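To start, the structure itself, in structure tokens.
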Amino acid sequence: MTRGLDPTGAVRARFARTGAAHVALFRDLEIGARKCDLGDESLYLAEELVAADPWLGGSDPETLAVAVLALLLVQRAGSTRLPLDPRGPLRAQVAAILGAAGREREVTRVVRAITALTTSPTFGSVIGAGDARAPLVVDDGCLYSERTRALEHRVALRLAERLAAPVSDPPSLGATPGLTDEQRAAVALALTGTIAIVTGGPGTGKTHVASAIVDALVARGVRDIALAAQTGKAANRLAEVVAQRARPDARVTAQTLHRLLGGRDGRFRHTARNPLPLGALIVDEASMLDLSLADGVLDALPATAPLVLIGDPDQLPAIDAGQVLADVIGGPRVVRLSQSFRMDARDVRGEAILRAAGAVRDGEGAKLAEPAAKLATTRTAGTLAFEGVEWVPTDRDGGSVRAVIDAFHHHHGGPDALRLADATVFRFDAGVIAPAQQHDLEALWRTLASARVLAVTRGQPTGAVAINAELHARALERMTVAGRPEYVPGEPVMITENDYERGLFNGDQGIVVRADEGLGRHHYRAVFRVGGRLAAFAIEALRDRLELAWALTVHKSQGSEFDAVCVVLPPEDLPLLTRELLYTAVTRARTSVIVAGGRRVLAAGAKRTGERYSGLATRIARELARRG
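Numbering of the sequence shown is given in the working numbering, commencing with residue 70 and proceeding in unit increments.
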């Protein structure tokens with residue numbers, strides 16, 4: 070384990086004259102940083118920067134240490150930079166660190182010291198200005214790491230170059246079957262330049278538009294088209310789109326962006342010196358595109374190959390720093406899709422979900438707890454049968470949460486699926502289901518894929534791990550198996566790491582079944598949809614990358630859709646619970662949403678935005694203005 074802000078090494082040697090007060094200060098900062106969820110790597114980096122600063126560290130190491138920790142805190146939350154306005158984010162981050170360290174009274178003094186320090190960086194300091202090659206850089210009134218500023222600058226230049234490139238006249242697509250007017254406009258935009266951005270809410274047909282763009286590009290003679298996404302699950306869904314392409318002359322592939330770029334050990338095989346052999350690239354779920362990956366894509370994609378970014382900017386953004394899609398939707402070459410096909414506004418249930426999603430997006434999540442949000446709700450025989458949206462209040466000890474999950478599990482066929490899977494032995498040949506049982510396996514798949522519990526956290530009593538463990542225990546009670554196997558027939562499972570050899574990707578969901586593979590006995594097998602067909606895999610071969618999926622974190626559910634979801638809120642408000650997370654959770658459902666939790670937690674989460682501080686949009690606008 071790496072060492073945190075404990076001045077027993079280089080820092081202590083350099084500043085030994087400051088004595089016990091200095092040691093106590095750094096130990097308090099370490100405690101504060103850990104409470105803010107900064108790990109050992111961040112603490113070690115902060116200490117090394119303080120130790121490496123010959124001009125500032127000796128006299129005021131605390132100011133530099135807090136500034137570094139504040140920057141690392143916003144970067145961990147996805148920002149590329151820390152605005153240095155002493156009344157804004159800077160003060161909030163300093164207050165979080167010093168408050169957790171028990172030094173609340175020093176916030177104002179430290180903020181003033183950081184402002185002075187970053188206003189006039191000293192020669193030889195680890196802090197530079199503009200394009201200085203220093204570990205930390207002040208630019209545009211914000212504090213950056215040098216690497217992140219360079220990435221942001223480079224991505225802005227490359228995007229502006231594409232946005233400013235000449236465009237051709239829009240083609241005549243006519244009354245293309247299966248496309249709305251706005252979807253046709255999105256396809257046309259993708260055919261007229263080197264970049265197009267297609268945005269839209271849940272179920273607006275974004276993947277359908279991607280398919281239509283492929284058809285249109287192929288019809289215009291474009292070959293070697295790639296569809297890609299940040300996650301394996303989204304890439305696998307794109308692979309199903311590719312499998313439906315009827316034209317044999319269309320060389321179309323679908324994979325993750327990392328695999329497309331040849332990512333390995335933090336580097337990409339494809340760069341400007343070894344560009345991607347593509348005629349066009351379509352990136353789905355682009356809200357998850359971070360700054361570093363965007364830089365890799367723009368570097369490796371030939372300048373003449375069209376780039377199409379498709380996504381929903383209101384959903385959860387990238388895990389790493391950056392919000393590329395959100396930063397480009399305010400500029401040119403954007404088409405917004407508005408008509409939802411997942412939740413039909415003409416259906417009272419779909420209309421309720423659309424209304425709930427709108428309330429969350431507008432910061433009015435408490436409306437979900439009002440009687441008007443409930444539609445056609447009935448409770449019978451201990452189950453929760455509902456349509457539309459319903460908020461169910463829960464107590465702090467979790468008992469009522471377990472009751473809601475149990476009712477949801479019963480109503481959406483969990484026990485029925487377990488009984489059916491326990492009583493059925495599916496026959497497979499070389500991993501492929503016997504044709505006579507294809508219908509039965511598909512029926513079981515649909516039942517288990519129709520509903521999910523969505524948790525805000527992975528840990529905690531209301532997190533995905535605990536919920537999965539409880540539902541697994543109930544599954545074991547209904548089974549006749551000996552012992553306590555990790556997985557039993559009828560349970561949904563999920564892949565947690567990419568497995569390129571088997572064509573399985575992080576986030577792919579499957580089911581466990583009894584399988585007869587012609588060996589005279591049956592085994593438990595995990596079935597996943599690969600390349601459009603259901604295939605069986607030995608659980609033993611997947612065990613290190615397989616887990617239960619009765620419940621998913623909202624982050625893991627992104628890109629999925631279900632008939633019904635039960636969203637479980639934590640008993641206490643958490644910084645992780647944001648408007649974007651709630652919006653993503655609610656919009657995973659087609660017809661039914663239960664939100665289980667406290668009214669105050671729900672309202673607080675809907676008001677909190679996962680605000681990211683980024684200079685990309687400003688840099689793009691400046692570059693476009695410079696180009697005239």
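Where is the CB? At the ideal position from N, CA and C, for every residue including glycine. For clarity, every value in this text was computed on a predicted model and none was experimentally measured.
According to the Cβ coordinates, are residue i and residue j closer than 8 Å?
| i | j | result |
| --- | --- | --- |
| V377 | A259 | yes |
| G427 | A675 | no |
| S661 | A633 | yes |
| A297 | T276 | no |
| L685 | V224 | yes |
| R160 | V143 | no |
| R202 | E215 | yes |
| R471 | E560 | no |
| L307 | A323 | yes |
| L487 | V562 | no |
| R677 | R659 | no |
| R489 | L603 | Just to set this straight, residue 489 is Leu in the shown sequence, not Arg. Against a cut-off of 8 Å, the Cβ pair of L603 and L489 comes out as no contact. |
State the DSSP-derived secondary structure class of residue i, mapped to helix, strand or coil.
| i | result |
| --- | --- |
| R405 | strand |
| F410 | coil |
| S661 | strand |
| P375 | coil |
| H592 | strand |
| M357 | helix |
| F574 | coil |
| T531 | coil |
| G197 | strand |
| A690 | helix |
| R292 | coil |
| A390 | coil |
| S629 | coil |
| Y213 | strand |
| Q324 | strand |
| P554 | coil |
| W460 | strand |
| R612 | helix |
| A672 | helix |
| L400 | The amino acid occupying residue 400 in the given sequence is Gly; Leu does not appear at that position. Three-state DSSP puts G400 in coil, outside helix and strand. |
| G332 | strand |
What do you get for residue i, buried or exposed, if any count of 16 or more other CB atoms within 10 angstroms of its CB means buried?
| i | result |
| --- | --- |
| L501 | The amino acid occupying residue 501 in the given sequence is Val; Leu does not appear at that position. Classification of V501: exposed, given that the 10 Å Cβ count is below 16. |
| G380 | buried |
| R696 | exposed |
| I282 | buried |
| Y682 | buried |
| R577 | Note that residue 577 is Asp in the sequence shown here, rather than Arg. Buried, because 16 or more other Cβ atoms sit within 10 Å of the Cβ of D577. |
| L347 | buried |
| T687 | exposed |
| N343 | exposed |
| H508 | exposed |
| T373 | exposed |
| G666 | buried |
| R612 | exposed |
| P239 | exposed |
| G528 | exposed |
| I422 | buried |
In its own chain, which residues sit with a C-beta less than 8 Å from the C-beta of residue i, not counting the 5 before and 5 after it?
| i | result |
| --- | --- |
| V404 | E251, A254, A255, L258, A265, I266, V267 and T268 |
| Y593 | P554, Y556, V557, P558, V581, V582, R583, A584 and I608 |
| T526 | G532, A533, T622, P639, L643 and L645 |
| A217 | Residue 217 is actually Thr in this sequence, not Ala. Counting only Cβ-Cβ distances below 8 Å, and skipping sequence neighbours, we find Q144, T149, R150, L360 and A390. |
| I166 | L98, G101, A102, C105, V135, L138, A139 and L142 |
| N537 | E616, L617, A618, W619 and A620 |
| G210 | P152, L153 and D154 |
Can you find the residues in the same chain that come closer than 7 Å, C-beta to C-beta, to residue i, ignoring five residues on each side of it along the sequence?
| i | result |
| --- | --- |
| R657 | L523, S626, S629, E630, F631 and V634 |
| A651 | Looking at the sequence shown, residue 651 is not Ala but Leu. So the qualifying residues of the chain are V429, G434, G674 and A675. |
| H478 | L540 |
| L437 | A425, A428, V458, W460, V664 and L671 |
| A121 | V195 |
| E309 | G601 |
Please list, in chain order, all residues of the same chain as residue i whose beta carbon is under 6 Å from its beta carbon, the five residues on each side excluded.
| i | result |
| --- | --- |
| I183 | T132 and A136 |
| F497 | A584, E586 and A605 |
| G482 | T516 |
| G579 | V562, A595, V596 and F597 |
| V236 | T261 and G262 |
Say whether the stretch 197-207 touches the stretch 326-342, bearing in mind that this needs 3 or more beta-carbon pairs closer than 8 Å, one atom from each stretch.
The stretch 197-207 makes no contact with the stretch 326-342; the number of CB pairs closer than 8 Å stays below 3.
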